[in-house]
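J.: I am attaching a structure below and will ask some questions about it afterwards.
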Amino acid sequence: MKKTTIGLFLLTSFITTASIAQTIETTTATKESKISFAFFEGTAVAGYVDKGGFLNFTGPNVSLTSGKSKLLLGMLPSLRFKEDKSEVKNSFVMPTLGMGLTYSYKKLAFQIPLYYNAKTATADGKWNVGIGVGIKLK
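In terms of the working numbering, the sequence shown opens at residue 68 and continues consecutively.
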């Protein structure tokens, strides 16, 4: 009886281990990186840049997809929210186009956008780096 119980236990352990090993092997083998181009990614991001906020949606981009992760470099059509403290004021909300890197995992997105402020009478034009967090809609 003791030998039969030990034999059944070892057989069950072997079958379970073999099936788990096969399952792990198949899930890691399906991960494949893919580079693609898209006109709209379906990601909305809000963040901070140059003492103001922004809301953008990823536009035309080149992306690298690996499993549930995606890294993309693209254009960012945006709305910038910034209070102008000068005498002659700009609008609080301004449409603008930026560019930057966006990393998304499942539905969460992190972004490093770059926006250009044009030259004015008092300041030179310069690129501003920001940071944002958002959600992937599709």
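Here a beta-carbon is modelled for each residue, glycine too, at the ideal position from N, C-alpha and C.
Quick one: measure Cβ to Cβ for P180 and V116, integer angstroms, because I've assumed they're closer than 8 Å.
T.: That belief holds up - the Cβ atoms of P180 and V116 are roughly 6 Å apart, short of 8 Å.
J.: Name the one or two DSSP bridge partners that P162 has.
T.: Bridge partners of P162: L146.
J.: Excluding sequence positions up to five away, which residues of its chain have a Cβ less than 6 Å from the Cβ of L175?
T.: So no residue of the chain qualifies.
J.: Between G114 and G126, is the Cβ-Cβ spacing less than 9 Å?
T.: Contact flag unset, no.
J.: Could you name the residues of the same chain whose beta carbon sits closer than 7 Å to that of G201, not counting the 5 residues immediately before and after it, in chain order?
T.: The answer, listed in chain order, is T110, A111, V112, A113, A176 and Q178.
J.: In the DSSP assignment, the beta strand (DSSP E) including F121 goes from what residue to what residue?
T.: Residues G119 to F124.
J.: What are the boundary residues of the beta strand (DSSP E) that includes N184?
T.: Counting along the chain, the beta strand (DSSP E) containing N184 begins and ends at L175 to N184.
J.: Quick one: residues in its chain with C-beta nearer than 8 Å to the C-beta of F159, no 5 flanking neighbours on either side, listed in chain order?
T.: Only F148, K149, E150 and D151 meet the Cβ criterion.
J.: Are the CB atoms of K135 and K186 nearer to each other than 9 Å?
T.: Result no, Cβ atoms of K135 and K186 do not sit closer than 9 Å.
J.: Could you tell me which of K205, L138 and Y183 sits nearest to G197, measuring between CA atoms?
T.: Residue Y183 is the option with its Cα nearest to G197.
J.: Assuming L164 contacts S145 under a Cβ cut-off of 8 Å, what Cβ separation, rounded to an integer in Å, is found between them?
T.: Yes, L164 and S145 are in contact; Cβ-Cβ is about 7 Å, under 8 Å.
J.: Can you tell me whether S171 is buried or exposed, with buried defined as 16 or more other CB within 10 angstroms of its CB?
T.: Buried is the call here.
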